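Notes follow once the structure below has been shown.
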Amino acid sequence: MKEKLTLAGKEYLMEEGIYTPIVKENSFERQGGTYKMEELEEGMEVLIPNMAIPKEIDLKKLNRWGRMRLNFLKENKEEDYQIMYLQGTLMDHLLSKEKEIEDFITREEVKMMETWGLTEELKEEDYLKYLRLKKNMDMTLQEIGEREIILI
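For the sequence shown, counting from 1, position 75 maps to 84 in the working numbering; every step adds exactly one.
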């Protein structure tokens with residue numbers, strides 16, 4: 010059963026030792042953050058954020074896309090980065106973005122090869138031209154993926 014309490018002038022709903030603020034005043038609270046009561050020395054009690062210890066970010070498991078997304082979040086979307094980090098979902102998010110861009114490149118490469126005229130015939134007739142076009146196409150695909158998946 011939820012109980013309505015006022016602590017230090019702020020209203021909370023308390024259920025099973027978890028304090029949920031009624032009025033959400035910061036990004037932690039707006040994202041569903043709750044608090045728990047901790048007892049300090051001399052019987053003093055304080056509310057502390059009710060969070061699990063975040064998972065560490067293992068850079069060895071990230072490819073260039075994951076590291077690029079991580080840097081983008083840190084530099085441009087700091088609040089999103091902090092929320093995902095504190096909720097322990099950042100590593101999953103980065104791995105998901107890696108898969109999303111790799112799937113995008115794989116899917117679009119087939120379509121673009123036809124559009125760009127990258128055929129087996131061209132490969133056999135003028136291999137250097139084929140390589141130049143293929144490299145240009147690969148770089149274009151990576152740039153599109155970076156702009157539309159990683160840097161948003």
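Note that beta-carbon positions come from the ideal geometry of N, C-alpha and C, so glycine has one too. The structure presented is a predicted model; accordingly, all values stated were derived computationally and were not measured.
A residue is called buried once 16 or more other Cβ atoms fall within 10 Å of its Cβ, and K120, having fewer, is exposed. Taking each of Y139, M146 and M77 in turn and checking the Cα distance to E155, the smallest one comes out for M77. The three-state secondary structure of V32, taken from DSSP, is coil.
Taking 7 Å as the cut-off, the Cβ atoms of E24 and K11 count as close. Secondary-structure assignment with DSSP links T128 through no beta bridge to anything. If you check the CB distance, K138 and L127 do not come in under 7 Å.
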